[in-house]
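A.B. asks:
In this note's numbering, the protein residues as written are 29 to 613.
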């Protein structure tokens with residue numbers, strides 16, 4: 029009897045040990061535009077199969093079920109498989125979580141599987157693939173105007189979607205936006221997509237331009253433009269027709285990628301490079317113009333340092349004039365009127381200096397030089413401004429660094445300008461010879477009564493503090509306002525350090541909105557901000573400037589930025605916040 033029971037237990041243990049439930053994937057590394065097959069396989073017929081939540085993937089087919097059972101040498105084998113086809117929706121390492129199933133009252137689970145998703149890849153043509161018609165009828169192409177530009181020479185990238193006349197496109201979504209590391213970039217708005225006729229690979233297609241971008245390389249060497257990937261819903265013709273004889277359509281989708289592009293950026297030549305070269309590349313005109321040259325005491329003049337033309341206008345600083353010490357020159361007000369079409373930047377940048385003379389006389393502002401690299405001739409050019417003569421008609425006369433001071437009859441001694449009155453003590457401190465006792469004095473009784481007199485003020489202060497502490501919303505608004513000023517001050521300190529500067533500037537803008545509009549960060553989409561500010565009677569122009577400033581902060585994380593650009597964004601932030609303070613009601 030004992031042997032029989034032991035045999036039964038061993039049999040059940042063997043049966044239990046044979047239970048298998050596992051998950052398998054077709055590949056563990058795939059591109060953003062590739063499909064992934066996931067199989068959940070078991071050697072028993074279980075109940076209540078629960079697939080995992082496929083976070084980071086979209087299910088495009090499945091589940092499909094396969095069951096097989098066979099007898100070999102008197103032994104039976106059973107196999108059941110649930111299959112899913114997935115498309116990744118993001119890059120990175122994504123986990124296929126656990127699936128579960130019940131068998132004989134026991135719950136079994138699979139082991140999680142990690143899958144690495146990389147950039148979209150070019151899909152090889154497979155003659156056995158049922159989607160061959162889509163592969164031959166849909167292409168995403170990145171047209172680059174020039175692949176070997178000079179440093180800071182503009183190039184354009186135009187993304188075109190070519191599609192056959194036999195298919196229709198119902199929708200498309202961007203899966204992976206291109207990143208322009210080591211490029212200054214400017215997207216050109218496309219207000220409406222228009223289908224045009226064109227040739228691709230020797231065949232006639234329709235195409236639409238999806239995106240236009242102007243790039244200025246900021247680093248020499250091989251720079252990579254990461255691909256643009258799209259998920260496109262299409263309608264394809266079939267061999268079937270309806271009762272009216274019309275071709276019936278079937279819906280499908282395809283992921284396409286423009287592929288990465290490598291740009292070989294040439295360094296600017298060292299031969300002939302001027303000492304004062306500041307990085308300007310293009311074709312420019314340079315001028316230095318005074319508002320007036322004849323002044324009276326107390327009057328001021330403005331000196332305009334201007335560069336106009338075609339080139340990287342936003343990516344270099346203007347030369348600074350050097351004036352005599354008798355002319356007091358203030359920091360410039362920088363302004364830009366720059367457009368960025370596909371051909372590159374064009375327009376005018378201007379530094380306006382305010383100069384105030386301190387003494388009467390004639391003064392010379394020496395010529396200023398501006399150097400740039402001409403892309404047409406591939407040579408450096410230098411433009412020199414004219415000499416400017418300033419005449420101050422009246423006012424005090426500079427007496428040099430020494431003053432003649434009479435120290436005795438008929439004797440003179442030269443004393444430096446800041447020391448001739450140093451021996452005179454201008455403040456006299458007198459102390460009384462008789463001191464009264466503190467005890468019994470007015471001050472003594474005043475200090476004695478002060479604690480009793482302060483009791484009402486302490487009570488009022490305590491009630492006021494309790495009211496303030498109870499005002500949760502008001503405290504949060506005051507804190508946000510304080511944080512906005514703090515981060516704006518921090519941004520000013522970080523001018524020249526791109527990452528900390530734009531992080532602080534963006535935090536300042538967000539906290540300002542929290543304080544003034546009583547909204548949270550989750551509500552700060554561009555459209556929501558426009559609506560909230562408009563409801564508070566803010567001017568459309570000020571709203572547009574605020575949105576543009578917010579976009580500059582976002583774009584600066586992926587593109588280089590100069591000190592001049594940071595200073596402009598900071599000045600613009602101060603002006604915009606000041607205007608909104610006045611306008612918001």
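The C-beta atom is built at its ideal place from N, Cα and C for all residues, glycine as well.
1. Between the region 360–374 and the region 384–400, are three or more C-beta pairs nearer than 8 Å?
2. Tell me, which residues are paired with residue 491 by DSSP?
3. Do you know how far the Cα of residue 493 is from the Cα of residue 470?
4. Quick check: what's the CA-CA separation for residue 384 versus residue 347?
5. In three-state DSSP terms, what is residue 580?
6. Going straight from the alpha carbon of residue 368 to that of residue 219, what length do you get?
7. Between 553, 242, 594, which lies nearest to residue 524 when the distance is taken from Cα to Cα?
8. Given a cut-off of 8 Å, decide if residue 338 and residue 422 are closer than it, judged by their beta-carbon atoms.
9. Looking at the unbroken alpha helix (DSSP H) that takes in residue 227, where does it start and where does it end?
10. I'd like to confirm the pairing. Which residues does DSSP put opposite residue 257 in its beta bridges?
11. Looking only at its own chain, which residues have a Cβ that is under 7 Å from the Cβ of residue 518, when we skip the five neighbours before and after it?
12. Within 10 angstroms of its Cβ, does residue 343 collect 16 or more other Cβ (buried), or is it exposed?
13. Out of 197, 215, 261, 248, which has the shortest C-alpha to C-alpha gap to residue 234?
14. Spatial neighbours of residue 288 within its chain, please: CB distance less than 8 Å, with the 5 preceding and 5 following residues excluded, ordered by chain position.
15. Based on the DSSP output, what are the partners of residue 245 in its beta bridges?
16. Is the Cβ-Cβ distance between residue 174 and residue 56 less than 8 Å?
17. Judging by CA-CA distance, which residue of 208, 165, 168, 68 is the nearest neighbour of residue 183?
18. Using the Cα positions of residue 332 and residue 597, report the straight-line distance between them to the nearest angstrom.
19. For residue 263, is the classification buried or exposed, using 16 other Cβ atoms within 10 angstroms of its Cβ as the cut-off for buried?
20. Start and end of the beta strand (DSSP E) containing residue 617?
21. Buried or exposed: residue 321, going by 16 or more other Cβ atoms within 10 Å of its Cβ?
22. In the structure shown, what three-state DSSP assignment does residue 180 receive?
23. Spatial neighbours of residue 446 within its chain, please: C-beta separation below 8 Å, excluding the five flanking residues on both sides.
24. Measuring CA to CA, which of 578, 526, 137, 569 is closest to residue 540?
25. Residue 74 bridges to which residues according to DSSP?
26. Our contact map puts residue 311 next to residue 402 with C-beta atoms below 8 Å; I'd like the distance itself, whole angstroms only.
27. Check residue 104 in the structure and name its three-state DSSP category.
28. Measure the alpha-carbon distance for residue 360 versus residue 379 and round it to whole angstroms.
29. Whose CA, out of 406, 591, 248, lies closest to the CA of residue 299?
30. From the DSSP output, which residues share a beta bridge with residue 419?
31. Apart from the five residues just before and just after residue 80, which ones in its own chain have a Cβ nearer than 7 Å to its Cβ?
32. Are the region 234–243 and the region 56–73 in contact at 8 Å, needing three or more beta carbon pairs?
33. Note down, in chain order, each residue of its chain lying with its Cβ closer than 7 Å to the Cβ of residue 206, except the 5 sequence neighbours on either side.
34. Determine the closest residue to residue 576 out of 553, 591, 302, 564, with distance taken between C-alpha atoms.
35. Give the DSSP-derived three-state secondary structure of residue 602 in the structure shown.
36. Would you kindly check if the distance between the Cβ of residue 341 and the Cβ of residue 418 is under 8 Å?
C.D. replies: Here's the rundown:
1. no
2. Within the chain shown, residue 491 is the residue found at index 463, counting from 1. Answer is none; residue 491 lacks a bridge partner.
3. Taking the first residue of the chain shown as position 1, residue 470 is located at position 442. Taking the first residue of the chain shown as position 1, residue 493 is located at position 465. Linking residue 470 to residue 493 through their CA atoms gives a straight-line distance of about 33 Å.
4. Residue mapping note: residue 384 aligns to position 356 of the chain shown, counting from 1. Residue mapping note: residue 347 aligns to position 319 of the chain shown, counting from 1. Looking at the two C-alpha atoms, the distance is approximately 20 Å.
5. Locating residue 580 in the chain shown gives position 552, where the first residue counts as 1. Note: residue 580 maps to helix in three-state DSSP.
6. Here residue 368 is taken as the residue at index 340 of the chain shown, counted from 1. Here residue 219 is taken as the residue at index 191 of the chain shown, counted from 1. Distance between the alpha carbons of residue 368 and residue 219: 16 Å.
7. In the chain shown, the residue the question calls residue 524 occupies position 496. Comparing Cα-Cα distances from residue 524 to each of 553, 242, 594, the minimum goes to 594.
8. The count along the chain shown starts at 1 and reaches residue 422 at position 394. The count along the chain shown starts at 1 and reaches residue 338 at position 310. Not closer than 8 Å, so no.
9. Numbered from 1 along the chain shown, position 199 holds the residue referred to as residue 227. Element bounds for residue 227: not the alpha helix (DSSP H) but the beta strand (DSSP E), 224–228.
10. Mapped onto the chain shown, residue 257 falls at position 229. Residue 257 pairs with 204, 285.
11. Counting from one through the chain shown, the residue named residue 518 turns up at place 490. Answer for residue 518: 532, listed in chain order.
12. Position 315 of the chain shown holds residue 343. It is buried - the Cβ of residue 343 has at least 16 other Cβ atoms within 10 Å.
13. Position 206 of the chain shown, counted from the start, is the residue given in the question as residue 234. Residue 234 has its Cα closest to that of 197, out of 197, 215, 261, 248.
14. Along the chain shown, one-based indexing puts residue 288 at 260. The answer, listed in chain order, is 147, 252, 253, 254, 255.
15. As a first step, residue 245 is located in the chain shown; it is residue number 217 there, counting from the start. Answer is 211, bridged to residue 245.
16. Taking the first residue of the chain shown as 1, we reach residue 174 at position 146. Taking the first residue of the chain shown as 1, we reach residue 56 at position 28. No; because the gap between Cβ atoms is not below 8 Å, this pair is not in contact.
17. To locate residue 183, count along the chain shown from 1; it is residue 155. Of the candidates 208, 165, 168, 68, the one whose C-alpha sits nearest the C-alpha of residue 183 is 208.
18. In the chain shown, counting from the first residue as 1, residue 332 sits at position 304. In the chain shown, counting from the first residue as 1, residue 597 sits at position 569. Each residue's Cα considered, the two are about 21 Å apart.
19. Residue 263 sits at position 235 when you count from the first residue of the chain shown. So residue 263 ends up on the exposed side.
20. With the chain covering only 29 through 613, there is no way to say anything about residue 617.
21. The count along the chain shown starts at 1 and reaches residue 321 at position 293. By the 10 Å Cβ count, residue 321 comes out exposed.
22. Here the question's residue 180 lines up with position 152 in the chain shown. Residue state, collapsed to three classes: coil.
23. As a first step, residue 446 is located in the chain shown; it is residue number 418 there, counting from the start. Residue placement at residue 446 cannot be trusted, given a pLDDT of 49 that sits under 50; what the coordinates show is reported in the next sentence. Taken in chain order, the list of residues that qualify is empty.
24. Mapped onto the chain shown, residue 540 falls at position 512. Here the closest residue by C-alpha is 578.
25. In the chain shown, the residue the question calls residue 74 occupies position 46. Residue 74 pairs with nothing; no bridge assigned.
26. For the purposes of this step, residue 311 is taken as the residue at position 283 of the chain shown. For the purposes of this step, residue 402 is taken as the residue at position 374 of the chain shown. About 6 Å separates the two Cβ atoms, so the contact holds.
27. As a position in the chain shown, residue 104 is number 76, starting the count at 1. Looking at residue 104 - three-state DSSP - the assignment turns out to be strand.
28. As a working mapping, residue 360 is identified with position 332 in the chain shown. As a working mapping, residue 379 is identified with position 351 in the chain shown. Distance between the alpha carbons of residue 360 and residue 379: 6 Å.
29. Sequence index remark: in the chain shown, residue 299 carries index 271 (1-based). Nearest option by C-alpha distance: 406.
30. Position 391 of the chain shown, counted from the start, is the residue given in the question as residue 419. Residue 419 is bridged to 322, 390.
31. On the chain shown, position 52 is the one that residue 80 refers to. Within the same chain, residue 80 has close Cβ partners 124, 125, 126, 127.
32. no
33. The count along the chain shown starts at 1 and reaches residue 206 at position 178. For residue 206, where only same-chain residues beyond five positions count, the Cβ hits under 7 Å are 253, 254, 255, 256.
34. For this step, residue 576 is matched to residue 548 along the chain shown. The option with the nearest alpha carbon to residue 576 is 553.
35. If you number the chain shown from 1, residue 602 lands on position 574. Reduced to three states, the DSSP call for residue 602 is helix.
36. Mapped onto the chain shown, residue 418 falls at position 390. Mapped onto the chain shown, residue 341 falls at position 313. No, these two residues do not count as a Cβ contact at 8 Å.
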